[in-house]
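A.B. asks: Residue numbering for the sequence shown follows our numbering, starting at 55 and increasing by one per position. Heads up, the beta-carbon is just placed ideally off N, CA and C, and yes, glycines get one too. Values in this document were obtained by computation on a predicted structure and should not be read as measured data. Got a structure for you, questions after.
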Amino acid sequence: MALMDLSEFKAALTAGTLGRRDISRVLASVGVVTLSVPVSQVAVQAKDPIQVLTWASYDVPQLRPGYDEETGGAPSYLLFVDNDEAIEKVRAGYRPTLTQPTTYMVARWRDAGLLKPIDVSRLENYGDIFPRLTSIGALHDGSNIYGVPFSWGNSSVLYRRDLAQEYVGSESWKILWDEAYAGRLAQRDSMDAAVLQAAMILGIEDPYHMNNDQLEAVRAKLIEQRELLRMYWTSQSDIEQALYTGEVVAAYAWNHAYASLKRQGIDVGYMVPKEGILTWVDCTCLILDGPGSDEDAYAYIDAGISAEAGVFMIEEYGYGAANSRAFEAANQELLEELGIENPTRLMDMGQFFDEWDPAVRERANVMFEEVKAGF
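In C-alpha cells form, the structure reads like this:
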C-alpha cells in the first residue's frame, strides 16, 4: 500500500473506502502500535478487562452491544493485519482473552495449544447462527467447539457493468482472463485469492490438496492472467479508485468495495460466478490462560453474535452477520444493493476458504511469487 498522509487517511476513513485490513496496514506502515483502548476504559475498573486480538473495524462498541454496561467497562484491543500475524503474536508470548481469526486458521491455533474449548450452552444467541456456519469443520475437533462464527463475506469479481455489458447475467471468473480487457484487469496480491480462482476455472475440486500436475496447471493459468493485468493490488482503496475511474474494468474484491462504489453512483456489479463464489468466515476463539474472567469473555462473544450487532455489521460494513435474525431486521433495500439478500443461497454456492495442506501451501506460495516475478 502506498503511504498516505494524515489528511488522506482521515478522508478515506470518512468516505468509508478503507476496509478492515487496509486500516491496519496504513497504521502499521507508519509504525503506529494498533493497541486500541476505548475512551470509556479510562475510568478505573474493579477488575482486569478482557483483551481482544482482532481485525481493525471489529473494535467498535456497536459490535458488543450491552457488553460495557453488563460488565462494568470496555475491553482493550490489539489489532492485527492478517491471520498469520495474529497467531505469531500469540506464539511470541502475547496473551489476549479472545481472538477473531478466519475459520480456516482455527486448527492451527488449536494444534498449537493456544485455544480452549467454548461451551456454547452459555451463549444465548448461538442458536440464531446460520447452521451452515456452525457446521464448518474447522471449528470442531469431534468433541469440542473452538470457534463461534462472528461475520462472513465474499471474495468475488467486482466489475463495471457499463464497461463490460456482456457479463451482466453471465457471471464468471473468466472475465479476469478475458483478453478483450487486457491492461484493465486487477488481481489481489494474495496467493490464496489468485490460486483459488485459477483452480475453480480449471475445475480442480480440492485446491487445498493439489498434486504437482494440478499446481503446474494453475501456474500456467496465472501466467496467462499476468499478461492481462493492470495491477496486483494490496489496498482496497486503490482498487476502488481504479474501478471508479474506469482504469480497471474488473477485479477481485470484497463486498465492502462493491457497497462503497454503489454509494458513489458507479454502475458496478458483484458477481456470483458460475464456478462458485469464495466465502470467508471470521470467528471468535477463547485463548488458553488469557486475562480477565470467563464470564466477561462469554458476554463478549454473545454480544458479538446478537442480532443488533449483526445489523450493524451488515448496514455499516457490508459484511454478512452470523446471526440469521439480523437479516430480518436489516434494511432490505440495502441487502439487495449489497447482493446478500439471500444469504443461504450465497453460502450454498460458496467455496469456503479452508486450511491448506502445509506442503501444498508452501509450493503454491513459491509458485505465486515466481509468477509475479515473471518466471
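Let me know the secondary structure DSSP gives Lys143 once reduced to three states.
C.D. replies: Stepping through the sequence shown from its first residue, residue 143 is reached at position 89. Of the three classes helix, strand and coil, the one that applies to Lys143 here is helix, per DSSP.
A.B. asks: Is Leu342 near Lys170, with beta carbons less than 8 Å apart?
C.D. replies: As a working mapping, residue 342 is identified with position 288 in the sequence shown. As a working mapping, residue 170 is identified with position 116 in the sequence shown. Cβ atoms of Leu342 and Lys170: closer than 8 Å.
A.B. asks: Quick one, which of Ser205, Ala296 and Tyr373 has its alpha-carbon nearest Arg238's?
C.D. replies: What you label residue 238 is simply residue 184 of the sequence shown in a count that begins at 1. Of the listed residues, the one whose Cα sits closest to Arg238 is Ala296.
A.B. asks: Is the segment 367-381 close to the segment 301-315, with three or more CB pairs under 8 Å?
C.D. replies: Yes: at least three Cβ pairs fall under 8 Å.
A.B. asks: What beta strand (DSSP E) runs, 3 residues minimum, are completely inside the segment 194-264?
C.D. replies: Here the runs fully enclosed are 202-214 and 239-242.
A.B. asks: Can you tell me the Cα-Cα spacing of Gly201 and Phe407, whole angstroms?
C.D. replies: Stepping through the sequence shown from its first residue, residue 201 is reached at position 147. Stepping through the sequence shown from its first residue, residue 407 is reached at position 353. Taking the straight line joining both Cα atoms gives about 15 Å.
A.B. asks: Which residue or residues does DSSP assign as beta-bridge partners of Phe134?
C.D. replies: For the purposes of this step, residue 134 is identified with residue 80 of the sequence shown, where counting begins at 1. In DSSP, Phe134 forms a bridge with Trp109.
A.B. asks: Could you pull out every residue in the same chain whose Cβ sits closer than 6 Å to the Cβ of Ala418, ignoring the five residues on either side in sequence?
C.D. replies: Along the sequence shown, read from residue 1 onward, the residue named residue 418 stands at position 364. For Ala418, where only same-chain residues beyond five positions count, the Cβ hits under 6 Å are Met245 and Val249.
A.B. asks: Does DSSP classify Phe430 as helix, strand or coil?
C.D. replies: As shown, the chain starts at 55 and ends at 429. That puts residue 430 outside it, with no answer to give.
A.B. asks: Rounded to the nearest angstrom, how far is the Cβ of Ala351 from that of Ile104, given a contact under 8 Å?
C.D. replies: In the sequence shown, the residue the question calls residue 351 occupies position 297. In the sequence shown, the residue the question calls residue 104 occupies position 50. At roughly 6 Å, the Cβ-Cβ gap stays under 8 Å, so Ala351 and Ile104 are in contact.
A.B. asks: Excluding the 5 residues flanking Pro119 on each side, which residues of the same chain have their C-beta closer than 7 Å to its C-beta?
C.D. replies: Along the sequence shown, one-based indexing puts residue 119 at 65. Contacts found: Ala357, Ser360, Glu362 and Ala363.
A.B. asks: I need the straight-line Cα distance from Ser347 to Ala192, nearest angstrom please.
C.D. replies: Start at 1 with the first residue of the sequence shown, and residue 347 comes out as number 293. Start at 1 with the first residue of the sequence shown, and residue 192 comes out as number 138. Using only the alpha carbons, I get a separation of about 26 Å.
A.B. asks: Determine the direct distance from the alpha carbon of Asp122 to that of Lys275, and round the result to whole angstroms.
C.D. replies: As a position in the sequence shown, residue 275 is number 221, starting the count at 1. As a position in the sequence shown, residue 122 is number 68, starting the count at 1. Rounded to whole angstroms, Lys275 to Asp122 spans 51 Å at the Cα level.
A.B. asks: Start and end of the alpha helix (DSSP H) containing Gln386?
C.D. replies: Counting from one through the sequence shown, the residue named residue 386 turns up at place 332. Gln386 to Leu392 is the span of the alpha helix (DSSP H), which, as asked, contains Gln386.
A.B. asks: Could you check what DSSP says for Trp410 in three-state terms: helix, strand or coil?
C.D. replies: Sequence index remark: in the sequence shown, residue 410 carries index 356 (1-based). Three-state result, Trp410: coil.
A.B. asks: Could you check if Glu387 is buried or exposed, using at least 16 other CB atoms within 10 Å of its CB as the buried criterion?
C.D. replies: Here the question's residue 387 lines up with position 333 in the sequence shown. Result: exposed.
A.B. asks: Select from Val174, Arg186, Val106 and Thr153 the residue whose C-alpha is nearest the C-alpha of Thr398.
C.D. replies: In the sequence shown, the residue the question calls residue 398 occupies position 344. Taking only the C-alpha atoms, the option nearest Thr398 is Arg186.
A.B. asks: Between the C-alpha atoms of Thr299 and Asp292, what's the straight-line distance to the nearest angstrom?
C.D. replies: Within the sequence shown, residue 299 is the residue found at index 245, counting from 1. Within the sequence shown, residue 292 is the residue found at index 238, counting from 1. Their backbone Cα atoms lie some 11 Å apart in a straight line.
A.B. asks: My output table needs one value for Ala375: the three-state DSSP class, helix, strand or coil.
C.D. replies: Looking up residue 375 in the sequence shown gives position 321. Strand at Ala375.
A.B. asks: Between the Cα of Leu152 and those of Leu132, Asp138 and Asp136, spot the shortest distance and give me the residue it belongs to.
C.D. replies: As a working note, residue 152 is residue 98 in the sequence shown. Here the closest residue by C-alpha is Leu132.
A.B. asks: What is the rounded straight-line gap between the Cα of Glu233 and the Cα of Leu282?
C.D. replies: Translated into positions along the sequence shown, residue 233 becomes position 179. Translated into positions along the sequence shown, residue 282 becomes position 228. Distance between the alpha carbons of Glu233 and Leu282: 7 Å.
A.B. asks: Take Ala305 and list the residues in its own chain whose beta-carbon comes closer than 6 Å to its own, dropping the five residues that flank it on each side.
C.D. replies: For the purposes of this step, residue 305 is taken as residue 251 along the sequence shown, with counting starting at 1. Cβ neighbours of Ala305 beyond the five flanking positions: Leu212, Ala240 and Ile293.
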